[in-house]
Amino acid sequence: MVVKTSQLSKIYHLDGVEVRALVEVNMEIKEGEFIAIMGPSGSGKSTLLNLLGCLDTASIGEYWLDGVKVDKTINLANIRNQKIGFVFQSFNLLSRCDALHNVELPMMYAGVTSKNRQRKATELLEQVGIGNRLHHLPNQLSGGEKQRVAIARALANDPPLILADEPTGNLDSISGQNIMEILQNLNNQGRTIAMVTHDPNLGERADRIIKLMDGRIVS
Amino acid sequence: MFKEIIVSALSALKANKIRSLLTTLGIIIGVFAVISLVSLVSGLKKDIKDQILGLGGDVLTISPGNIEEGGFGGGGGMGAMMKSFGMEDVRAIKEAKIPEVKEVNYQYETYARIEYGEKSYNTFTLGCEPALFKIFDNKILIGRLFDSKEDQSGGRVTVLGKGMAAKIFGSADRALDKEIKVEGKSFKIIGILDETDMNFGPVDVNDVVYIPAESAKKYLELSRISEIHLKLISDQDILTAKRKVEKVLKESRGMNDFTVLTPDSMTSLIDDIMGMLTTALAGISAISLLVGGIGIMNIMLVSVTERTKEIGIRKALGATDANILTQFLAEAVVLCILGGFLGLGLSALLSFILNQFTEVPSHIEPATILLAIAFSASVGLIFGTAPALKAAKKDPIEALRYE
Ligand SMILES: Nc1ncnc2c1ncn2[C@@H]1O[C@H](COP(=O)(O)OP(=O)(O)O)[C@@H](O)[C@H]1O
Ligand SMILES: [Mg+2]
Numbered sequence: 001m002v003v004k005t006s007q008l009s010k011i012y013h014l015d016g017v018e019v020r021a022l023v024e025v026n027m028e029i030k031e032g033e034f035i036a037i038m039g040p041s042g043s044g045k046s047t048l049l050n051l052l053g054c055l056d057t058a059s060i061g062e063y064w065l066d067g068v069k070v071d072k073t074i075n076l077a078n079i080r081n082q083k084i085g086f087v088f089q090s091f092n093l094l095s096r097c098d099a100l101h102n103v104e105l106p107m108m109y110a111g112v113t114s115k116n117r118q119r120k121a122t123e124l125l126e127q128v129g130i131g132n133r134l135h136h137l138p139n140q141l142s143g144g145e146k147q148r149v150a151i152a153r154a155l156a157n158d159p160p161l162i163l164a165d166e167p168t169g170n171l172d173s174i175s176g177q178n179i180m181e182i183l184q185n186l187n188n189q190g191r192t193i194a195m196v197t198h199d200p201n202l203g204e205r206a207d208r209i210i211k212l213m214d215g216r217i218v219s
Numbered sequence: 001m002f003k004e005i006i007v008s009a010l011s012a013l014k015a016n017k018i019r020s021l022l023t024t025l026g027i028i029i030g031v032f033a034v035i036s037l038v039s040l041v042s043g044l045k046k047d048i049k050d051q052i053l054g055l056g057g058d059v060l061t062i063s064p065g066n067i068e069e070g071g072f073g074g075g076g077g078m079g080a081m082m083k084s085f086g087m088e089d090v091r092a093i094k095e096a097k098i099p100e101v102k103e104v105n106y107q108y109e110t111y112a113r114i115e116y117g118e119k120s121y122n123t124f125t126l127g128c129e130p131a132l133f134k135i136f137d138n139k140i141l142i143g144r145l146f147d148s149k150e151d152q153s154g155g156r157v158t159v160l161g162k163g164m165a166a167k168i169f170g171s172a173d174r175a176l177d178k179e180i181k182v183e184g185k186s187f188k189i190i191g192i193l194d195e196t197d198m199n200f201g202p203v204d205v206n207d208v209v210y211i212p213a214e215s216a217k218k219y220l221e222l223s224r225i226s227e228i229h230l231k232l233i234s235d236q237d238i239l240t241a242k243r244k245v246e247k248v249l250k251e252s253r254g255m256n257d258f259t260v261l262t263p264d265s266m267t268s269l270i271d272d273i274m275g276m277l278t279t280a281l282a283g284i285s286a287i288s289l290l291v292g293g294i295g296i297m298n299i300m301l302v303s304v305t306e307r308t309k310e311i312g313i314r315k316a317l318g319a320t321d322a323n324i325l326t327q328f329l330a331e332a333v334v335l336c337i338l339g340g341f342l343g344l345g346l347s348a349l350l351s352f353i354l355n356q357f358t359e360v361p362s363h364i365e366p367a368t369i370l371l372a373i374a375f376s377a378s379v380g381l382i383f384g385t386a387p388a389l390k391a392a393k394k395d396p397i398e399a400l401r402y403e
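Protein chains in written order, with the UniProt record's numbering: chain R, 1 to 219; chain F, 1 to 403.
Below, the structure is given as structure tokens:
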């Protein structure tokens, strides 16, 4: 089991008002699964992804990631570095760094030597089909190419879980299709992926859909 | 990891070249000012000490005013309030026949108008006894020095430094036996002194015009003796001679309003003055670096805000708070050190120009360089900490949402 949550809840306090962004979520993601998280705006998709991605910790409830219990007592930065690969809607590449360097970043924080980083990053970029763009800066790349770099970066430390928040949201439909194919290929190679999406067509291509409504799982 | 941090800091600074330069301007100027001034002071100190030591270890200098009581330079300005020496003081010392003293010499000093044909100069002129040349070991190049007879009778003869002779006549050997006018009175040039690298304070000894002391009194209407020099039999007798002279002068003047300077006391006086100057400089440098540091902090804070998104991305990828802290701290330190080096380069340039084209000595010591770089690095550390902490503490989710 890569992910297991129990009664996972997140409550925000806004001007004294309680906002229950996530309510008693129990879910599991098995190794090699590709799940889609869907639901209307404000239903808690991003909140759930933040918790799964160890960017934040739950108010109530428990979360095990790859056998580790995630709470405030552990070093979340190291967990993110080793166990999570993020793919964002708006790519979130470092604009000053070329494609290669962007992919190297997670490995740099993991303490991988410069030589090994470069070799691995080159491999990954070739794998997502842009081995000929190693030294392009993000603003010299198309949206689809940027997202490929981001996917390569997410794979850098071989994390057990890849989290994608609307990875095709900023792309035209053809690039979106390509990115979706890459993600599916990765899944076929055994990667575990959780993807937030609005697009029912994309959702259908996942193994399973988790539907959220007002912070609760409805199906 | 260290190399990566530096490379990444450099690339961040390179991305904003103009801003980086402007930010570090305070440090550049601070380091430039401090290094230049310190070098100038240490150069001057070296120069002045060389001169004093050049006088030899067996000369006592008697100056008006009492240093210990703050009369030297204090109490209303040098000279103005201080009773200068008269012939009676010189006579008193001579008549005391102190066994350790070989020569007694007094001198009148003024800037006199020197004319030859159409040419006219305003030149440092000494009215002195022939003994002065012995005391300072001046060697004659052409002609002869004036003798005591010419001195006592107020003869209208003069001896020129080689530089002065060359200035007026083109070359020193053409000067002999010519008549020049000193303050309108004509004097015959009887000798030219050989070149020396000694200076009287700012005055180049090679440019001095010497006339007999009596003549200075008679024709230039000088009555104040500015300094009395005593040449001793041996430099072993310095302190004994000093004590005896002090006793004689105190009795003849009725008060202790003078100072007998030994070469040692002169160098330690210079050390005192330079020490004060250096302290003042340290104050200035502290202030300028403080201002520079605040500038750095300001811009780094702005930069942290602008780069919120970058911080969020790095944290999502696994950067720890310490990683982010180090990154921004490194940027501040690298920026300051670069500023320090630029300031250092500017002062090296100034020092080179001064040494090349002027007489002002300037001397950058290795310790000064190290100090400047260490200082700029600490400014970066101190003033970079607040921005770096701000960056490290950012919440990753909010930072990622920042546009
Ligand atoms: N930092 C926050 N502070 C207060 N309320 C928040 C915060 N983040 C999210 N929420 C609230 O939690 C709910 C779920 O938000 P979110 O997870 O972003 O939904 P989705 O991604 O599905 O659109 C929303 O009502 C939102 O307003
Ligand atoms: Mg959302």
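All C-beta atoms in this analysis are idealised placements derived from N, C-alpha and C, irrespective of residue type, glycine included.
- Taking 7 Å as the cut-off, the Cβ atoms of Gly340(F) and Ala372(F) count as close.
- Neighbours of Thr320(F) in chain R, taken as residues whose beta carbon is under 8 Å from its own, are Asn75, Ala77, Asn78 and Tyr109 in chain order.
- DSSP places Tyr402(F) outside both helix and strand once states are collapsed to three, so it counts as coil.
- Screening all residues for a C-beta within a distance smaller than 6 Å of any heavy atom in ligand 1 leaves Tyr12(R), Leu14(R), Val19(R), Ala21(R), Gly39(R), Ser41(R), Gly42(R), Ser43(R), Gly44(R), Lys45(R), Ser46(R) and Thr47(R), in chain order.
- Ranked by how close their Cα comes to the Cα of Thr197(R), the residues Arg80(R), Ser41(R), Val68(R) and Val19(R) have Ser41(R) in first place.
- A direct Cα-Cα distance of roughly 28 Å separates Asp66(R) from Asp199(R).
- Less than 7 Å divides the Cβ of Ile193(R) from the Cβ of Leu183(R).
- Beta-bridge partners of Thr308(F) (DSSP): none assigned.
- Selection Ser95(R), Arg20(R), Leu155(R) and Glu145(R) evaluated against Asp214(R) yields Arg20(R) as nearest (Cα-Cα).
- Between Arg96(R) and chain F, the shortest Cβ-Cβ separation is below 7 Å.
- Excluding five sequence positions before and after Ser376(F), the CB atoms of its chain that fall closer than 7 Å to its own CB belong to Ile27, Val31, Cys336, Ile337, Gly339 and Gly340, given in chain order.
- Distance between Ser63(F) and Lys149(F), taken at the CA atoms: about 27 Å.
- Sequence-distant Cβ neighbours of Lys30(R) in its own chain, meaning closer than 8 Å and more than five residues away, are Met1, Val2 and Thr192.
- Shown here, Gln7(R) sits in a strand according to DSSP, grouped into three states.
- Beta-bridge pairing by DSSP links Asp165(R) to Val196(R).
- Contact with chain R is absent for Ile6(F), since none of that chain's Cβ atoms lies less than 7 Å from the residue's Cβ.
- Around the beta carbon of Met255(F), fewer than 16 other beta carbons sit within 10 angstroms, so the residue counts as exposed.
- Considering only Lys94(F), Ala391(F) and Pro366(F), the residue with the shortest C-alpha distance to Ile228(F) is Lys94(F).
- In this structure Val101(F) touches Ala241(F) by the C-beta definition: roughly 6 Å separates them, less than 8 Å.
- Assigned with DSSP and collapsed to three states, Lys181(F) falls in strand.
- Residue-level contact check: Asp199(R) does not touch chain F, since none of the beta carbons of chain F fall below 7 Å from its beta carbon.
- Collapsing the DSSP output to three states places Ile37(R) in a strand.
- Ile189(F) has Thr158(F) as its beta-bridge partners, per DSSP.
- Against Leu317(F), the close residues of chain R are Arg80, Asn81, Phe86, Leu105, Pro106, Tyr109 and Arg153, in the order they occur along the chain (beta-carbon pairs closer than 8 Å).
- Fully enclosed beta strand (DSSP E) runs of no fewer than 3 residues occupy 119-128 and 140-143 of the segment 108-143 of chain F, in order along the chain.
- Scanning the segment 135-179 of chain R from its first residue to its last, the whole beta strand (DSSP E) runs of 3-plus residues come out as 161-165.
- The beta carbons of Ile29(F) and Val334(F) sit about 19 Å from each other, so the pair does not count as a contact at 8 Å.
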